[in-house]
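Residues -5 to 91 (our numbering) are what the sequence shown spells out, left to right.
Notes for the one structure printed next.
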Amino acid sequence: MSNIVLCEIVWVLESSYNYKREQVAETLKLILETGNFIVEKLVRTWCALEAYQVQNMDFSDALLGETNQLYGCKTTVTLDKKAAKMDSFYLLEDNDK
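See below:
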């Protein structure tokens, strides 16, 4: 299962089914633990799930940051203040131009 599919699952659960963060996290855990799927970058996906729960950030942002670290990126530049809560993200602001 690709990372994009996981992000879409989260988006649909949150936006269409009004799942709370805890419900989404539990659903993702079930998917990751079932053994019926081969999940892209499984270890990083677990790390992203933890960041989603603990740091109150979007799952897609957490997964992006984890994937970037996997490929050697020390910092991910973002315009998203919520995503910038993750240690590996840097918030690009107007004064940085």
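Glycine residues also receive a C-beta, built at the ideal position from the N, C-alpha and C atoms.
- In the three-state reduction of the DSSP assignment, tyrosine 84 falls in the strand class.
- Under DSSP, no beta-bridge partner is assigned to threonine 61.
- By the neighbour-count definition (other C-beta atoms within 10 Å, threshold 16), glutamate 60 is a buried residue.
- Taking 4 residues as the shortest admissible run, the stretch 25 to 80 contains the following complete alpha helix (DSSP H) segments, listed from N- to C-terminal end: 36 to 48, 53 to 64.
- Under the Cβ criterion (8 Å, minimum of three pairs), the stretch 18 to 25 counts as touching the stretch 43 to 60.
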